[in-house]
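Colleague: Got a structure for you, questions after.
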Amino acid sequence: MLVLRIGAHCGKWTPYCRRKHLCQRPFTPTDVKQQTCQQRQVKYDLRKHSSTSVHNATKLTFFFFIFLCFSSCQVYLCSPKFIDVDVCSSIVYRGFFPPIDSSLINPMTSVGNYPTPLYLPHVSLRVDNAMNESDVVAEHERRYAVVRYIIFSNTVLALPLNVLTAYLIIFKSPKHLKTYKYLLLNISFWVCLTDVLLEIFYLPLARLEIFGIYATGVASSLSSDLGFLCLVLCAFCFGEYLVALLFAFVYRFCALREAIYLFGVQIKVSHYWIAIVILMLVPPGTFLGAIAMSYKPYGEFVSQTMIDHPEFTPYFGRVPIFGVDKNKFIIGCGTIFFWTIMWIVGVALCICGIVAQFRAHRSLYSEHTYRMHMQLMRALAVQTTAPLALFSIPLSVDMIGLIFLPEIMNDAIVLTELAMSLHSTINSVAVITLIVPYRRAVLNIFYKVYPSGVSPST
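Per my numbering, residue 18 is the first one in the sequence shown, and the count goes up by one each step.
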C-alpha cells in the first residue's frame with residue numbers, strides 16, 4: 018500500500034512503501050509545517066491557475082467582440098449612406114460583367130425587353146441612373162440596403178470562425194471527446210450551411226403587401242421558382258440545426274446514466290439509431306413541407322397583384338419575385354413554431370435530467386470529469402440560447418404581425434433575418450471560448466502570432 022511521506026534524504030514528498038523504503042522516520046513538527054506550507058502553495062497555484070484561465074477567456078472573448086464591432090462599423094461606413102450607389106454599381110458592374118446595351122435595360126422600356134438583373138446585397142447591378150426616384154423597387158431596396166449589407170457581412174465574417182471551429186473540433190479534441198466532437202461538428206456544419214444559404218446565397222427581401230419574396234444575394238440571377246426552392250432548403254437546414262442541438266443534449270444526458278428505461282423497456286443502441294433517423298427526417302421534413310405548401314403559381318400571383326395592388330407591378334420582370342398564399346404561409350409558420358416549441362420542451366427535459374444526475378452522482382465524479390461536464394453544458398447552453406432568442410421569439414412576433422397587420426411587417430422580417438445571421442457567430446464563439454481544450458489551442462495560436470513572453474495556461 019502506497020502512502021506519502023517526507024523522505025529524510027531530500028525533504029520532499031515521495032512515494033513510501035511499508036515493505037521497502039529507507040525513510041521510515043515519524044513525522045516531526047517541522048514536517049507538519051512543511052506540509053501546511055505546501056498545501057497553501059497548492060491552493061495558491063490553483064487560484065492563480067483559475068484566475069489566469071478566466072483572464073485568458075475574457076481576453077479572447079473581448080478580442081472577438083472588438084473584431085465584430087470593428088467589422089460592423091466598417092460595414093456601416095461602406096453602406097450606401099456614405100457612398101454613391103450609382104458609382105459603386107457601375108464600378109462593380111464593369112469589373113465583373115461584360116458591357117450590356119443600355120437600351121436593353123432602360124427602365125422606361127417594357128419590362129420584358131431586358132434580362133433578369135444580378136444583385137449584390139447592398140447595391141443593384143442594374144444601370145439605373147435614369148430611374149425615377151419614385152420607383153417602388155429601387156426605393157424598397159434602398160430602404161433596407163444598410164441592414165442587408167450588415168446581414169451579408171455578418172455571415173461572411175462568420176465563415177473564418179466556422180472554419181476555425183471545425184479545425185479545432187477535428188484536430189484539437191481530446192480523447193474523452195472522441196464521440197461528442199462529431200455532435201459539435203454536426204451542429205457547426207448545419208448552422209454554417211443555413212447561414213450561407215439564407216444570408217449569402219439567397220438573402221431574401223419581402224414585400225408583404227402582396228406576400229411576395231425575392232432574392233437579393235447570389236441567387237438573384239436565378240428564376241423565381243429556383244429562388245423559392247432555395248428558401249425551402251434554408252428551412253430544411255434550419256430544422257437540421259435544431260435537431261443537431263437536441264442530439265447534443267440527449268447525448269449529454271445519456272453519458273451520465275448507465276441505463277435508460279422508457280415504459281419499462283431498456284433503451285439499446287438500435288433504439289438510438291432509429292430515433293436519430295426519425296429526428297433527422299421528420300422535423301426538418303416538416304419545416305420543408307410547411308414552406309413548400311405555401312407557394313402560389315406565378316401566373317396567379319401576377320394577375321392578383323395587378324388587380325389588388327397595381328402599384329407593385331414594376332417588380333415583375335425586374336426581380337425574381339415569387340408569391341406565397343397568405344393563409345398557407347401563416348399555417349406553415351405555425352407548424353414550424355409548433356415544432357420549435359416541441360424542441361424547447363425536449364431540451365428542457367434533457368436539462369432537468371442532466372441537473373438531476375449531477376446532483377445525485379456528484380460524489381462519484383472526479384474534479385476533472387465534473388469540470389469537463391460543466392464546460393460542455395455551458396457551451397451547449399449558449400449554443401441553444403441563440404436559436405431560442407434569435408429565432409423562436411422573433412418568429413412568434415412575426416406570426417402575430419402577419420395575421421393582423423402584414424402591411425407593416427417588412428421591417429420586422431428584415432430584423433428577423435438580421436438576428437438569424439448571428440447564429441453561426443454565437444455558436445463558434447461559444448465552442449471556442451467555453452470549452453477549455455479549444456480555448457487553449459486558440460490561445461496557443463494567438464501567442465505564436467503575437468508573442469508576449471507569457472504562455473497560455475488555460
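Just so it is clear, CB atoms sit at the ideal spot from N, CA and C, and this is done for glycine as well.
Which class does PRO301 belong to by DSSP, given the choice of helix, strand or coil?
Modeller: Reading the sequence shown from its first residue, position 284 is the one you call residue 301. Correct three-state label for PRO301: helix.
Colleague: Where SER119 and ALA155 are concerned, what is the direct C-alpha to C-alpha distance, given to the nearest angstrom?
Modeller: For this step, residue 119 is matched to residue 102 along the sequence shown. For this step, residue 155 is matched to residue 138 along the sequence shown. Because the pLDDT of SER119 is 38, which lies under 50, any placement of that residue in the model is unreliable, and the question is left without a value.
Colleague: Nearest to CYS367 by CA position, among CYS251, GLY229 and PHE266, is which residue?
Modeller: Within the sequence shown, the letter at position 350 stands for residue 367. Closest option to CYS367, Cα to Cα, is PHE266.
Colleague: Out of curiosity, what's the CA-to-CA distance linking VAL294 and ILE324?
Modeller: Counted from its first residue, the sequence shown places residue 294 at position 277. Counted from its first residue, the sequence shown places residue 324 at position 307. Spanning the two alpha carbons is a distance of roughly 47 angstroms.
Colleague: Please state whether DSSP places GLY334 in a helix, a strand or coil.
Modeller: For the purposes of this step, residue 334 is taken as residue 317 along the sequence shown, with counting starting at 1. DSSP places GLY334 in coil when its eight states are reduced to three.
Colleague: For ILE443, I'd like the list of residues in its chain whose CB is within less than 6 angstroms of its CB, leaving aside the five on either flank, ordered along the chain.
Modeller: In the sequence shown, the residue the question calls residue 443 occupies position 426. Cβ within range, chain order: ALA403.
Colleague: Counting only runs that start and end within the segment 193 to 237, where is the beta strand (DSSP E) found for 3 or more residues in a row?
Modeller: DSSP runs (the beta strand (DSSP E)) wholly in the segment 193 to 237: 221 to 224 and 229 to 232.
Colleague: Based on the DSSP secondary-structure assignment, which residues constitute the bridge partners of GLY370?
Modeller: Taking the sequence shown and counting its residues from 1, the one referred to as residue 370 is at position 353. DSSP, once it has assigned bridges, lists no residue as partnering GLY370.
Colleague: As a quick exercise: from GLU226, ALA429, LEU248 and PHE304, pick the residue whose alpha carbon is nearest that of VAL235.
Modeller: Working through the sequence shown from its first residue, we reach residue 235 at position 218. Nearest option by C-alpha distance: LEU248.
Colleague: Which of helix, strand or coil does DSSP assign to TYR161?
Modeller: The sequence position of residue 161 within the sequence shown is 144, counting from 1. Reduced to three states, the DSSP call for TYR161 is coil.
Colleague: Taking PHE339 as part of the beta strand (DSSP E), name the residues at either end of that continuous run.
Modeller: For this step, residue 339 is matched to residue 322 along the sequence shown. Unbroken beta strand (DSSP E) run through PHE339: 339 to 341.
Colleague: Taking its Cβ as the centre, do 16 or more other Cβ atoms sit within 10 Å of CYS209, making it buried, or is it exposed?
Modeller: Taking the first residue of the sequence shown as position 1, residue 209 is located at position 192. When all chains shown are included, CYS209 counts as buried.
Colleague: When DSSP labels each residue in this structure, what does LYS465 get in the three-state scheme?
Modeller: Stepping through the sequence shown from its first residue, residue 465 is reached at position 448. Here LYS465 sits in helix by DSSP.
Colleague: Could you tell me which of CYS254, LEU263, LYS343 and ARG269 sits nearest to LEU393, measuring between CA atoms?
Modeller: One-based indexing of the sequence shown puts residue 393 at position 376. Closest option to LEU393, Cα to Cα, is ARG269.
Colleague: Which residues in the same chain have their Cβ closer than 7 angstroms to the Cβ of TYR61, if we skip the five residues on either side of it in sequence?
Modeller: Counting from 1 along the sequence shown, the entry for residue 61 is found at position 44. Residue confidence for TYR61 is low, a pLDDT of 49 falling below 50, so the modelled location carries little weight and cannot support an answer.
Colleague: Would you kindly work out how many angstroms separate the C-alpha atoms of SER241 and PHE339, rounded to a whole number?
Modeller: Locating residue 241 in the sequence shown gives position 224, counting from the first residue. Locating residue 339 in the sequence shown gives position 322, counting from the first residue. Cα to Cα, SER241 sits roughly 5 angstroms from PHE339.
Colleague: If I follow the unbroken alpha helix (DSSP H) through ASP325, where does it start and stop?
Modeller: As a working note, residue 325 is residue 308 in the sequence shown. 315 to 325 is the span of the alpha helix (DSSP H), which, as asked, contains ASP325.
Colleague: Since ILE187 contacts LEU202 with CB under 8 angstroms, what's their CB separation in whole angstroms?
Modeller: Translated into positions along the sequence shown, residue 187 becomes position 170. Translated into positions along the sequence shown, residue 202 becomes position 185. About 7 angstroms; that satisfies the 8 angstroms criterion.
Colleague: Starting from the Cα of TYR166, find the closest Cα among PRO468, TYR332 and VAL431 and give me that residue.
Modeller: Within the sequence shown, the letter at position 149 stands for residue 166. Measuring from the Cα of TYR166, the nearest candidate turns out to be VAL431.
Colleague: Return the residue from the list MET297, PHE206 and HIS157 that minimises the CA-CA distance to ASN179.
Modeller: Along the sequence shown, one-based indexing puts residue 179 at 162. The shortest C-alpha separation from ASN179 is found at PHE206.
Colleague: Using the beta-carbon count (16 or more within 10 Å), is PRO337 buried or exposed?
Modeller: To locate residue 337, count along the sequence shown from 1; it is residue 320. By the neighbour-count rule (16 or more Cβ atoms within 10 Å), PRO337 is buried.
Colleague: For ALA307 and THR352, which I take to be in contact (beta-carbon distance under 8 angstroms), what is that distance rounded to the nearest angstrom?
Modeller: Taking the sequence shown and counting its residues from 1, one reaches residue 307 at position 290. Taking the sequence shown and counting its residues from 1, one reaches residue 352 at position 335. The Cβ separation is near 4 angstroms, so the contact holds.
Colleague: Using 10 angstroms around the beta-carbon of TRP360, count the other beta-carbons present and answer buried if the total reaches 16, otherwise exposed.
Modeller: Position 343 of the sequence shown, counted from the first residue, corresponds to residue 360. TRP360 comes out buried.
Colleague: For GLY418 and ASN427, I'd like the C-alpha separation in whole angstroms.
Modeller: Indexing the sequence shown from 1 puts residue 418 at position 401. Indexing the sequence shown from 1 puts residue 427 at position 410. Near 10 angstroms, if we compare the C-alpha coordinates of ASN427 and GLY418.
Colleague: Expressed to the nearest angstrom, what Euclidean distance is found between the alpha-carbon atoms of ILE425 and LEU225?
Modeller: Locating residue 425 in the sequence shown gives position 408, counting from the first residue. Locating residue 225 in the sequence shown gives position 208, counting from the first residue. So the alpha carbons of these two residues sit roughly 8 angstroms apart.
Colleague: State the CB to CB distance for the pair ALA436 and LEU407, rounded to an integer number of angstroms; the pair is presumed to be in contact (CB under 8 angstroms).
Modeller: By one-based count along the sequence shown, residue 436 stands at place 419. By one-based count along the sequence shown, residue 407 stands at place 390. Confirmed, about 4 angstroms.
Colleague: Within the continuous alpha helix (DSSP H) that includes ASP428, where are the two ends?
Modeller: Residue numbering aside, residue 428 sits at position 411 when the sequence shown is read from its first letter. Run containing ASP428: 427 to 437, per the alpha helix (DSSP H) assignment.
Colleague: Would a C-beta distance cut-off of 8 angstroms place LEU200 and PHE255 closer than the cut-off?
Modeller: Here residue 200 is taken as the residue at index 183 of the sequence shown, counted from 1. Here residue 255 is taken as the residue at index 238 of the sequence shown, counted from 1. Against a cut-off of 8 angstroms, the Cβ pair of PHE255 and LEU200 comes out as no contact.
Colleague: Is DSSP giving TYR382 helix, strand or coil here?
Modeller: Here residue 382 corresponds to residue number 365 of the sequence shown, with the count starting at 1. Of the three classes helix, strand and coil, the one that applies to TYR382 here is coil, per DSSP.
Colleague: THR172 to TYR467, Cα distance in whole Å?
Modeller: Position 155 of the sequence shown, counting from 1, holds the residue named residue 172. Position 450 of the sequence shown, counting from 1, holds the residue named residue 467. The alpha-carbon atoms of THR172 and TYR467 are separated by roughly 27 angstroms.
Colleague: With distances taken from CA atoms, which of LEU273, ALA458, PHE228 and ILE452 is nearest HIS378?
Modeller: By one-based count along the sequence shown, residue 378 stands at place 361. Cα-wise, what sits closest to HIS378 is LEU273.
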